[in-house]
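The next block holds one structure in the form of structure tokens; read it before the comments.
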Amino acid sequence: MNRNGMRPIHPGEVLNKEFMEPLGMTVMDLAMPTKWPESEIEKLVKCQLRICADLAISLAIQLNTTPEFWMNLQSTYDLRRAQRRHAGLQRLQHP
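Counting from 1 along the sequence shown, just add 129 to a position and that's the residue number in this note's numbering.
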């Protein structure tokens, strides 16, 4: 959980729930036009793969979004996870 009580949401979860399921797309349906290996798209949907710039561009083209949308999802997810890991750190005390 982060400060607002919500768990970090992986971009693969967004891809699956907000795009693939509503559009009735399978991993193969998305992999073929993006020219990404089916195994990589499967890892992404299972939240086991980070989105890189090249994948963000491919997804943006196929899903009528922007690369920034996908990169922002990834960076927000990464930041939220890092915040959870560092939640117990204390600030340095300056004299």
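Heads up, the beta-carbon is just placed ideally off N, CA and C, and yes, glycines get one too.
Q. Which residue comes first and which comes last in the alpha helix (DSSP H) that contains residue 205?
A. Looking up residue 205 in the sequence shown gives position 76. 196-214 is the extent of the alpha helix (DSSP H) around residue 205.
Q | Alpha carbon of residue 142 to alpha carbon of residue 199, nearest angstrom | A | Mapped onto the sequence shown, residue 142 falls at position 13. Mapped onto the sequence shown, residue 199 falls at position 70. Distance between the alpha carbons of residue 142 and residue 199: 12 angstroms.
Q. In angstroms, rounded to a whole number, what distance separates the CA positions of residue 202 and residue 179?
A. The sequence position of residue 202 within the sequence shown is 73, counting from 1. The sequence position of residue 179 within the sequence shown is 50, counting from 1. Taking the straight line from one Cα to the other gives about 10 angstroms.
Q) Excluding sequence positions up to five away, which residues of its chain have a Cβ less than 7 angstroms from the Cβ of residue 131? A) Numbered from 1 along the sequence shown, position 2 holds the residue referred to as residue 131. Any reading at residue 131 must be qualified, since the residue scores a pLDDT of 48, below 50, and its modelled position is unreliable; the value itself is stated next. For residue 131, where only same-chain residues beyond five positions count, the Cβ hits under 7 angstroms are 137, 209, 212 and 213.
Q | Residue environment, residue 145, which counts as buried when at least 16 other CB atoms sit within 10 Å | A | Translated into positions along the sequence shown, residue 145 becomes position 16. So residue 145 counts as buried.
Q: Flag this pair as yes or no: are the beta carbons of residue 169 and residue 182 separated by less than 9 angstroms?
A: For the purposes of this step, residue 169 is taken as the residue at position 40 of the sequence shown. For the purposes of this step, residue 182 is taken as the residue at position 53 of the sequence shown. No, the pair does not count as a contact, with Cβ atoms beyond the cut-off.
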